[in-house]
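The structure appears right after this line, and notes come after that.
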Amino acid sequence: MTQDLLRSAPEKSYLDTTVFLDVIETGGVEQRMMLAEQLGDFLANPSTTEAERIAVVPVVLKLAVDPIIAIRRALAERLARAAGIHADIVFTIISDDDLIALPFLASTPALNHWQMMAVMQVGDASRQSVLAGRPDIAAEAVELAVRTSAIEAAIALLDNPGVRLRDSDYHTLYSRFGQEPAVAERLLAIPSLPLDIRILQARRVSNRMHQLLAERGWVPANDAAELVADAQETAILGILVDASAAELDRVIPFLVSKSLLTPSILVRAACLGEMAVVERALTHLAGLSSQRVRDLMKGEGILGFKGLHKKIGLPQSCYGILQAACDVSAEIEEEGVALPSEQFGRRLIEVLMTRYETMPLPERAKHMEIISRYAEDRVRTIARRLKADIVRAA
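Once you know that position 182 of the sequence shown is 181 in numbering that gives the first Met the number 0, the rest is easy, because the numbers rise by one and skip nothing.
Listed below in structure tokens is the structure:
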């Protein structure tokens, strides 16, 4: 009789569900199982009318809370293919055991954006994670997940190729979960990740390293601080070197605001021939146009680079190397060549050793020491040898 009613249902404007209720009240497990399967298929049938869908809601709700888990599971598996399911049915199934709820939540086409929002707001970590992994997750649910979800859902969002997060979303996720390796690793793997997040992570890693060295006592405190500072600046410079001009213009003010744009970073960049980084940094620090800064770096104007250096207020100890690097940069630009880091470093040493007649030997030795710390590996070796020769000559 049940099969007959369902078979004729599409032709009716009203569906008598009393027989279904009788099966639920008096039927055995096998009969209720059959009813659950048939009603699930009935609702999954696109030809089922809206009136018929509404008529069977009370029956389906009773089956959705049947004490036999196999019945509830059979119903959910069939309804997972159905669109336009009544919200009460959807939430009843989603509230069931994970074995039933999670597969249904992962595949049902019946969720609208309001229902997704509700799941993200009140669901547990497992349900939030499944929803965050759906390719059709609503933008509103994504926004809510970024701000409030459990870490499992945040990871699912980052792993979901169908989700396009904004820079503000990345900042929120990093603020909430950046200390968690699983989140930090996924964020750092994103090519479009804002550079300030990469820099904050580099600083966080450096701080952890400093803490570990201090706790373990592996090296003296002063040496530990120097090692950590070196690692942090190396990481930051690596980020800046890979950045575009537009990205540099955005991230350099951030570095300044966090007191992370140190003179030694500029000197490191100069020793490696990364003059685009130097130029963008000096442009921001001087508050001049980029063209004006380029001209001053080439020695144009009354005071040339010396005036620019004084205007910014950089330490005098880094003036010689920056001046020499600017000279090398201007020369290779005029020559129309591009030098790799090693060749730039060699040229930098040559300029420091053969020009600037008024530069005292101790100052030259100090510049060689700086190059021996920050330049490309082979250039460092040359600088160490030259420093030793200068010291002996002095």
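Cβ coordinates follow ideal geometry from the N, Cα and C atoms, glycine included.
Bear in mind that the values here come from a model prediction, so they are computed numbers and not experimental data.
- Item | Status (buried if at least 16 other CB within 10 Å, exposed otherwise) for isoleucine 53 | By the 10 Å Cβ count, isoleucine 53 comes out exposed.
- Message: Given a cut-off of 9 Å on the beta-carbon distance, is the pair valine 58 and threonine 16 in contact?
- Response: Contact flag set, yes.
- Going straight from the alpha carbon of arginine 133 to that of asparagine 44, what length do you get? Near 23 Å, if we compare the C-alpha coordinates of asparagine 44 and arginine 133.
- Item | Local Cβ density within 10 Å of lysine 386, reported as buried at 16 or more and exposed below that | Burial call: buried.
- Could you name the residues of the same chain whose beta carbon sits closer than 8 Å to that of alanine 153, not counting the 5 residues immediately before and after it, in chain order? Hits under 8 Å: Ala131, Ala144, Val145, Leu172, Arg175, Phe176, Val182.
- Query: Leaving out five residues before and five after tyrosine 318 in sequence, what residues of the same chain have Cβ atoms less than 8 Å from its Cβ?
  - Reply: The residues are Lys305, His308.
- In terms of residues, what are the limits of the alpha helix (DSSP H) holding leucine 295? Looking at the DSSP string, the run of the alpha helix (DSSP H) that includes leucine 295 is 289-296.
- Does the region 349-365 come within contact of the region 316-331, defined as at least 3 CB pairs closer than 8 Å? Three or more Cβ pairs drawn from the region 349-365 and the region 316-331 lie within less than 8 Å of each other, which places the two stretches in contact.
- Looking at the structure shown, is histidine 85 part of a helix, part of a strand, or coil, going by DSSP? Coil, per DSSP.
- Query: Which residues bound the alpha helix (DSSP H) around leucine 341?
  - Reply: It is glutamate, not leucine, that sits at residue 341 in the sequence shown. Glutamate 341 -> alpha helix (DSSP H) spans 340-353.
- Report the three-state DSSP secondary structure of aspartate 95 (helix, strand or coil). Aspartate 95 carries a coil assignment under DSSP once its states are collapsed to helix, strand and coil.
- Cα-Cα, which of Val121, Val129, Met115 is closest to alanine 137? Looking at Val121, Val129, Met115, the one whose alpha-carbon comes closest to that of alanine 137 is Met115.
- Message: By alpha-carbon positions, which one of Asp248, Ile251, Arg203 ends up nearest to glycine 228?
- Response: Residue identity check: residue 228 is alanine in the sequence provided, not glycine. Comparing Cα-Cα distances from alanine 228 to each of Asp248, Ile251, Arg203, the minimum goes to Arg203.
- Message: Give me the residue from Ser148, Leu284, Ser243 with the minimum Cα distance to valine 121.
- Response: Nearest option by C-alpha distance: Ser148.
- Message: Do leucine 42 and valine 22 have their beta-carbon atoms positioned less than 9 Å apart in this structure?
- Response: Contact flag unset, no.
- Limits of the unbroken alpha helix (DSSP H) element including proline 57: Its alpha helix (DSSP H) spans residues 56-63.
- Query: Is the CB-CB distance between leucine 284 and valine 255 below 9 Å?
  - Reply: Going by beta carbons, leucine 284 and valine 255 fall inside the 9 Å limit.
- Contacting residues, own chain, Cβ-Cβ under 6 Å from isoleucine 70 (five flanking each side not counted): Taken in chain order, the residues that qualify are Arg31, Met32, Ala35.
- Task: Indicate whether the contact test is met: 3 or more Cβ pairs, each with one atom in the region 334-348 and one in the region 229-240, closer than 8 Å.
- Result: Not touching, per the Cβ criterion.
- Taking DSSP as the reference, what is the three-state secondary structure of serine 125? Reduced to three states, the DSSP call for serine 125 is helix.
- Message: If you reduce the DSSP assignment to three classes, tell me which class glutamate 333 lands in.
- Response: In the structure shown, glutamate 333 falls within a helical segment according to DSSP collapsed to helix, strand and coil.
- Query: If you draw a straight line from the C-alpha of glycine 300 to the C-alpha of aspartate 294, how long is it?
  - Reply: When only Cα atoms are considered, glycine 300 and aspartate 294 end up about 8 Å apart.
- Task: Closer than 7 Å by C-beta to isoleucine 84: which residues in its own chain qualify, once you throw out the five before and the five after it? Chain order, please.
- Result: These residues qualify, in order along the chain: Leu42, Leu78, Ala109.
- Task: With a threshold of 16 other CB atoms inside 10 Å of the CB of isoleucine 67, please say whether the residue is buried or exposed.
- Result: It counts as exposed.
- Message: If contacts are defined as beta-carbon pairs under 8 Å, then glutamate 142 and alanine 124 qualify, I think. What distance do you get, rounded to the angstrom?
- Response: The pair is not a contact, with the Cβ atoms about 18 Å apart (cut-off 8 Å).
- Message: I'd like the list of long-range same chain contacts for leucine 157, defined as Cβ closer than 6 Å, with 5 residues on each side in sequence excluded.
- Response: Result list for leucine 157: Arg185, in chain order.
- Report buried or exposed for alanine 442, applying the criterion of at least 16 other Cβ atoms within 10 angstroms of its Cβ. In this structure the chain extends from 0 to 393, so residue 442 is not present and cannot be described.
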